[in-house]
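Everything on this sheet refers to the single structure shown next.
Numbering (our numbering), first residue to last: -2 to 139.
What follows is the structure in structure tokens.
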């Protein structure tokens, strides 16, 4: 397995993987080809892909609020799960975020996603259940 930065040329593979992994995405909004390309130009290190035989089998999209690094859009092809792909992406995400001066790593996980919660715990993350997530959006597409 090779982990490398994703490029705009990988867009179709990214969207295909997110579909196979049942990861919700907004192709008319924040996950459009144009939006992803803009995000990649702004933070090229923050789009990671795991490849096996030149096929994309996993993704992680990183972000930062300057104080904390966030691991988002962690997705693995269903046919490639339970082989360490997600763990490798988490480790590479942490390495990338550290290279940007960050020392706190976070991820938001839906309460029903037991597999992801177990994985992050196995990777040394602590779960906080006393936090409420609030969001405000300009539209459903963002």
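Here a beta-carbon is modelled for each residue, glycine too, at the ideal position from N, C-alpha and C.
- When the five nearest sequence neighbours on each side are left out, the beta carbons in the same chain lying within less than 8 Å of the beta carbon of residue 119 are those of 84, in order along the chain.
- Every beta strand (DSSP E) stretch that sits fully inside the stretch 47 to 110 and reaches 3 residues is listed by chain position as 52 to 61 and 66 to 73.
- Nearest neighbour of residue 72 by Cα position, chosen from 57, 34, 61 and 49, turns out to be 57.
- With respect to residue 68, residue 53 sits apart: the two C-beta atoms are not nearer than 9 Å.
- Segment contact: the stretch 127 to 137 against the stretch 87 to 97, fewer than three CB-CB distances shorter than 8 Å; contact not assigned.
- In the DSSP assignment, residue 0 falls within the unbroken beta strand (DSSP E) covering -1 to 2.
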